[in-house]
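Worksheet for the structure shown next.
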Amino acid sequence: MTTDFTNSFILNSLKLPIITNIDSLANTLGLSKTIIFLLSQKTSYYYKPFKILKKDGNSRQIFSPSYSLKLVQRWILNEILEKIDVSHESMAYKKGNDNGIKKNAEMHKYNLYLLEFDLKDFFTSIKRERVFFMFKNLGYNNMVSNILTNICTYNDYLPQGGVCSPYISNLVCYRLDKRLSALCGKRGIVYTRYADDLTFSCDNKQSLKKVKDIIKDIIESEQFKINDSKTRLLSPTSHKRVTGITVNDNKLKANKNMKKLVRAMIIKSLFSMDYINNNIIKGYIAFINSIEDGYKCKIIEYINKTINKSLPYSNEMVIAYNENKFFKETNDMCYHGYDNIDDKYEDYEG
């Protein structure tokens, strides 16, 4: 039976807010008890579900929280969750981690062989009970842990799209990361996890083969399922990718399909003089440049060559180029972590 008391010692040591009941939570948030009750007991009413199409033709279910629910979730994230350290092996969703995708790939770029696993239905496999005990272990009593859990979950699991879901998934995976890290550390294998993508690398192919089944057992014992169709053992002669970034000859390269898309969007923008997607293009350019130094200069050169070609409507294109602030700002762009790119970069793997 779970002991029900507020462990102020743990909460104070972690510098977490002392919350003992719904009244203290409402006072801390500056909201009424009625709103807290509704957000925690009628949570499904405060989500807008929608689907996005994945590369393989399947769809991904996203749950977008309402403004009021998002505010409370943001407070939980900032004031409770982000004060708890996640594992060093986790590369995604870290506060102040501008380019976890690149850092994840860099960890493996000097190794010859890669072993990759994908966790199936990652967020929805993290059930309400695990989230409850996470809050409980931080020092909160049963009542407060239940309220916080209800606010962060949807239909008894972690919803993809919830403000707290990414960071909670990292905290829940802490023990998984440490078990896999201990296994790999003894064998000279590098291990990292970017959300549901687990990557192992070393220069000895047999070492990876020997630990493959052990890794599977550890993953399953931590209540996760493996997407077998995405399990891969890659050699130096393979086209190696880590979270969408090509890793070959000790170098990182951005995805070719994304580069093609950027050029196509620039051409369309210049010809049509429709600049509605310029912020998206800027995000792509900044992201690619963060992986490949010098890409920004190349794309500026490409733009200049394009507008100077003898093409129909070239005069209009020159005018559009000169008047379009987007292209003038290209030199100053730098990548600061674009969620829309980070979350969907896998869709560009070809």
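Under full-length UniProt numbering, think of the first position of the sequence shown as 1, with each following residue one higher. We put the CB at the ideal spot given by N, CA and C, even for glycine.
Compute the distance between the beta-carbons of residue i and residue j, then report whether it is under 8 angstroms.
i	j	result
F117	I219	yes
L81	I168	yes
I245	K253	yes
R187	V211	yes
F224	S125	yes
L158	I226	no
N250	K102	no
I299	V262	yes
S207	E89	no
Among the residues of its own chain, which have a CB less than 8 angstroms from the CB of residue i, if the five just before and after it don't count?
i	result
S8	I18, G139
L31	V72
F5	N141
L77	V163, C164, Y167
K83	L14, K15, L16
Y338	Bear in mind that the predicted position of Y338 carries a pLDDT of just 42, short of 50, making it unreliable; the figure below should be weighed with that in mind. G283, A286, F287.
For residue i, which residues from the same chain have a beta carbon less than 6 angstroms from its beta carbon, with the 5 sequence-adjacent residues on both sides left out?
i	result
M107	V190, T192
R232	E116
Y194	M91, A92, N104, T243
K344	At K344 the pLDDT is 42, less than 50, meaning the model places this residue with poor confidence; the figure from the coordinates comes in the next sentence. So no residue of the chain qualifies.
N12	none
S66	Y46
Skipping 5 residues on each side, what residues in its chain have a beta carbon closer than 7 angstroms to that of residue i?
i	result
I10	L138, G139
M1	Below a pLDDT of 50, predicted positions are generally treated as unreliable, and M1, at 49, falls in that range; the measurement from the model is reported next regardless. Result list for M1: empty, nothing under 7 angstroms.
D196	D118, L119, F122
Whose C-alpha, out of the options, is nearest the C-alpha of residue i?
i	options	result
S290	A105, L180, K33, A26	A105
R60	Y67, S68, K51	K51
S221	S235, G185, D177	D177
Q160	L208, L25, P49	P49
Under 8 angstroms between C-beta atoms, does residue i make it to chain C?
i	result
M91	In the displayed structure, chain C is absent; only one protein chain is listed.
Tell me whether residue i, by its Cβ, gets closer than 7 angstroms to a heavy atom of the ligand NAP.
i	result
R187	Absence of the ligand NAP is noted for the structure shown, with no ligands found whatsoever.
Practice prompt. Could you tell me whether the region 109-124 touches the region 197-209, where touching means 3 or more Cβ pairs closer than 8 angstroms?
Written response: Contact between the region 109-124 and the region 197-209 is present, because at least three Cβ pairs lie under 8 angstroms.
Discussion item. Within 8 angstroms, do at least three Cβ pairs link the region 11-28 to the region 54-69?
Written reply: In this structure the region 54-69 does not lie against the region 11-28, because fewer than three pairs of beta carbons, one per stretch, are closer than 8 angstroms.
Practice prompt. Please list the segments of the alpha helix (DSSP H) lying wholly inside the region 159-228, counting only runs of 4 or more residues, in order along the chain.
Written response: Taken in chain order, the whole alpha helix (DSSP H) runs of length 4 or more contained in the region 159-228 are 165-172, 174-185, 205-221.
Worksheet item: Does the region 160-178 come close enough to the region 115-135 to have 3 or more Cβ pairs within less than 8 angstroms?
Response: Judged by pairs of C-beta atoms under 8 angstroms, the region 160-178 touches the region 115-135, as three or more such pairs exist.
Discussion item. For the region 142-150 against the region 32-44, do three or more pairs of beta-carbon atoms, one drawn from each stretch, fall closer than 8 angstroms, so that the two count as touching?
Written reply: Yes, since at least three Cβ pairs between the region 142-150 and the region 32-44 fall closer than 8 angstroms, the two stretches touch.
Fill in: Complete alpha helix (DSSP H) runs within the region 102-149 (minimum length 4 residues, chain order)
Positions of the alpha helix (DSSP H) runs, each at least 4 residues long and wholly inside the region 102-149, are given as 128-137 in order along the chain.
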